[in-house]
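Quick note: the sequence shown uses this note's numbering, first residue 819, plus one each step.
Ideal Cβ placement from N, Cα and C applies to all residues, glycine included.
Working notes, structure below.
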Amino acid sequence: MSNIKVGDKVRFLNDVGGGVVTKVIDSKRVMVLGDDGFEIPSYTKELVAVETDSYNNLKKVEPQKNVSQQNASDSRLTSVDDQPLDMHEYFYPDAVYLPSNKDNLSLFLAFVPSKKAESNGFRVFLINDSNYNTLYSIATIDAEEKVESEAVGMLEANTKVQVSFLNVEDVNVVPTYACHLVFYRQGEFKMKEPVSKTIEVNPVKFFKETSFTTNDFFNQNAMILRIIDEKAAVDSIENMSHKDFKKLVSEKSARDEQPQFKSAKSKQKEIVEVDLHMHELIDDFRGLTNGEMVEIQMKKFRDELNNAMRTGVKKIVFIHGVGAGKLKVEIRKELDRMKKKLEYQDASFKEYGYGATLVRIY
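Below you can see the structure in the form of structure tokens.
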């Protein structure tokens, strides 16, 4: 049981900075009001208390208004100094309206690498690039289908908020993110249906440099995943001339009519990728021991390697992840016994990080 309580000043172990605890969510998590004035849910095991009884100092800081600030003894939303929030101000803030966004919804989940060496992981943001205020609930679902709430609140139009933090050692078992969103704005507006969407992230993406790109939301590269993006669909149609549209239709028809085959020569030039992460191999691996999971992964490895050798594939990449390294060790033991037929090395760090092996077949 954590000794961290409301009012304690804390520092982040996996990120720079710190803040003050404003609420105890459960036995594992608390809400922390950061130095930038934003509240984020944090695991107590990732915090260290540096000063207690700092709660009164928060009165000088304007907190992010969040549904999680609800007082346990009062059904009204309260600010940090226990004064009731103005309900109208909370739900109808002076939001920025961008004419270019019109009535289109564009919301994204973003993974932003921490800049500091001591902060080994990714900040997770919800981005609202639309003219609608959004009531949001972000939860995670693990491999055993256990659901944990990460953040709830109201996100103003054309703003973003950090909703979670993902440690780099956890990327091999990235949870599914469940996003529940409701849209509205003050006065007359076009009604939008609520969105309920789950986002699964392939762990390999976190080790690929190309997954993190320049964007309009951060001053560094980030992995941006779409929850809903009506604006992109509208722009692509509006910016397409009649001639371009006819050309697109014509090209699609031509592709559909062509036979779908590849020559043996072109096939030999390809690099085949095989992802050995468990969620790619079977739908439900609950209850399996680590040894049983490695056995399933090794069977897949052997089948794919034998098939590559039989069909003339010259290069094949096995994506095994980092983890404890057991699978990588077992794979390389087998490859060592086949050195007369092949050679192997770490795959491109730029493409796969430390989590893959490239095999060249003679």
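* From which residue to which residue does the beta strand (DSSP E) around isoleucine 1100 run? -> In the sequence shown, counting from the first residue as 1, residue 1100 sits at position 282. Careful: isoleucine 1100 lies outside any beta strand (DSSP E) and carries neither H nor E.
My guess is that leucine 984 and isoleucine 1017 are in contact by the Cβ rule of under 8 Å, so how many angstroms apart are they, rounded?
Taking the sequence shown and counting its residues from 1, the one referred to as residue 984 is at position 166. Taking the sequence shown and counting its residues from 1, the one referred to as residue 1017 is at position 199. Not quite, the Cβ-Cβ distance comes to about 13 Å (not below 8 Å), so this is no contact.
The alpha helix (DSSP H) enclosing glutamate 907, as first and last residue numbers = Taking the sequence shown and counting its residues from 1, one reaches residue 907 at position 89. From DSSP, the alpha helix (DSSP H) with glutamate 907 extends over 905-909.
Taking the straight line between their C-alpha atoms, what separation do you get for valine 1022 and threonine 994? Here residue 1022 corresponds to residue number 204 of the sequence shown, with the count starting at 1. Here residue 994 corresponds to residue number 176 of the sequence shown, with the count starting at 1. Looking at the two C-alpha atoms, the distance is approximately 15 Å.
Note to self: List, from N- to C-terminal side, the beta strand (DSSP E) runs of 3 residues or more that fit wholly inside the stretch 1147-1176.
What the structure shows: Listed in chain order, the complete beta strand (DSSP E) runs (minimum 3 residues) inside the stretch 1147-1176 are 1160-1164.
Once DSSP output is grouped into helix, strand and coil, what is the label at valine 828?
Against the sequence shown, residue 828 aligns to sequence position 10. If DSSP states are grouped into helix, strand and coil, valine 828 belongs with the strands.
Quiz item: Excluding sequence positions up to five away, which residues of its chain have a Cβ less than 7 Å from the Cβ of asparagine 1093?
Solution: Mapped onto the sequence shown, residue 1093 falls at position 275. Before going further, note that residue 1093 is aspartate rather than asparagine in the sequence given. Result list for aspartate 1093: Val1022, Ile1137, in chain order.
* Asked: Taking the C-alpha atoms as reference points, what is the distance between leucine 923 and methionine 1009?
  -> Locating residue 923 in the sequence shown gives position 105, counting from the first residue. Locating residue 1009 in the sequence shown gives position 191, counting from the first residue. Each residue's Cα considered, the two are about 11 Å apart.
Flag this pair as yes or no: are the beta carbons of methionine 972 and phenylalanine 909 separated by less than 8 Å? Within the sequence shown, residue 972 is the residue found at index 154, counting from 1. Within the sequence shown, residue 909 is the residue found at index 91, counting from 1. Yes, they are a contact pair.
- Per DSSP, what kind of secondary structure is leucine 923 in: helix, strand or coil? Stepping through the sequence shown from its first residue, residue 923 is reached at position 105. Leucine 923: coil per DSSP, three-state reduction.
Query - Contact belief for valine 981 with alanine 996 at Cβ below 8 Å, rounded distance in angstroms - result: For the purposes of this step, residue 981 is identified with residue 163 of the sequence shown, where counting begins at 1. For the purposes of this step, residue 996 is identified with residue 178 of the sequence shown, where counting begins at 1. Not really, about 12 Å apart at Cβ, beyond 8 Å.
- prompt: In or out: asparagine 949 buried (at least 16 other Cβ within 10 Å) or exposed?
  reply: As a first step, residue 949 is located in the sequence shown; it is residue number 131 there, counting from the start. With 16 or more other Cβ atoms within 10 Å, it is buried.
Self-check item: Exposure of lysine 964, with buried meaning 16 or more beta-carbon neighbours within 10 Å
Solution: Counting from one through the sequence shown, the residue named residue 964 turns up at place 146. Exposed.
Between alanine 969 and chain D, is any beta-carbon pair separated by less than 8 Å? Annotation note: the requested chain D is absent from the structure, which comprises a single protein chain.
- Coil, strand or helix - glutamine 980 by DSSP: As a first step, residue 980 must be located in the sequence shown, where it is residue number 162. Note: glutamine 980 maps to strand in three-state DSSP.
Distance between phenylalanine 856 and lysine 1118 (C-alpha atoms, nearest Å) | Taking the first residue of the sequence shown as 1, we reach residue 1118 at position 300. Taking the first residue of the sequence shown as 1, we reach residue 856 at position 38. The alpha-carbon atoms of lysine 1118 and phenylalanine 856 are separated by roughly 46 Å.
Next item on the list: Grab me the residues of leucine 1153's own chain with a C-beta within less than 8 Å of its C-beta, minus the 5 sequence neighbours each way, in chain order.
Entry: Translated into the one-based positions of the sequence shown, residue 1153 becomes position 335. So the list reads Leu1160, Tyr1162, Thr1175, Val1177, once near-sequence residues are dropped.
Reduced DSSP secondary structure (H/G/I, E/B, other) of aspartate 1121: On the sequence shown, position 303 is the one that residue 1121 refers to. Helix at aspartate 1121.
Q) Are the beta-carbon atoms belonging to lysine 823 and valine 839 less than 8 Å from one another? A) Walking along the sequence shown from the start, residue 823 turns up at place 5. Walking along the sequence shown from the start, residue 839 turns up at place 21. When the beta-carbon positions are compared, lysine 823 and valine 839 come within less than 8 Å of each other.
**OP:** Could you pull out every unbroken beta strand (DSSP E) segment of at least 3 residues lying fully inside the stretch 836-860, listed in chain order?
**Re:** 836-842, 847-852
Threonine 1032 in three-state terms, based on DSSP: The residue given as residue 1032 occupies position 214 in the sequence shown. Under the three-state reduction of DSSP output, threonine 1032 falls in the coil class, being neither helix nor strand.
For this session: Tell whether a beta-carbon distance below 8 Å holds between glutamate 1091 and valine 1135.
Result: Mapped onto the sequence shown, residue 1091 falls at position 273. Mapped onto the sequence shown, residue 1135 falls at position 317. Cβ atoms of glutamate 1091 and valine 1135: closer than 8 Å.
| If you compare alpha carbons, which of Arg829, Phe830, Gly835, Asn821 is closest to lysine 846? | Counting from one through the sequence shown, the residue named residue 846 turns up at place 28. Answer by Cα proximity: Asn821.
Beta-carbon within less than 7 Å of asparagine 1033's beta-carbon, same chain only, minus the 5 sequence neighbours each way: which residues are those? The count along the sequence shown starts at 1 and reaches residue 1033 at position 215. For asparagine 1033, where only same-chain residues beyond five positions count, the Cβ hits under 7 Å are Ala1040, Ile1042.
Exercise. List the endpoints of the continuous beta strand (DSSP E) containing serine 967.
Key: Position 149 of the sequence shown holds residue 967. From DSSP, the beta strand (DSSP E) with serine 967 extends over 965-973.
*Below 6 Å CB to CB, which residues in the same chain sit around asparagine 875 once its five sequence neighbours on both sides are set aside?*
On the sequence shown, position 57 is the one that residue 875 refers to. Residue confidence for asparagine 875 is low, a pLDDT of 43 falling below 50, so the modelled location carries little weight and cannot support an answer.
Problem set entry | C-alpha gap between valine 848 and serine 1166, whole angstroms | Working through the sequence shown from its first residue, we reach residue 848 at position 30. Working through the sequence shown from its first residue, we reach residue 1166 at position 348. Taking the straight line joining both Cα atoms gives about 40 Å.
**Asked** From glycine 825 to threonine 958, what distance separates their C-alpha atoms?
**Response** Residue mapping note: residue 825 aligns to position 7 of the sequence shown, counting from 1. Residue mapping note: residue 958 aligns to position 140 of the sequence shown, counting from 1. Going from the Cα of glycine 825 to the Cα of threonine 958 covers about 27 Å.
*What separation, rounded to the nearest whole angstrom, lies between the Cα atoms of asparagine 1037 and glycine 835?*
As a first step, residue 1037 must be located in the sequence shown, where it is residue number 219. As a first step, residue 835 must be located in the sequence shown, where it is residue number 17. Going from the Cα of asparagine 1037 to the Cα of glycine 835 covers about 19 Å.
task: Within the same chain, show all residues whose beta-carbon is closer than 6 Å to that of lysine 1146, passing over the 5 residues directly before and after it, in chain order.
output: Within the sequence shown, numbered from 1, the residue matching residue 1146 stands at position 328. Within the same chain, His1138 come within 6 Å of lysine 1146 by CB-CB distance, once the 5 residues on both sides are set aside.
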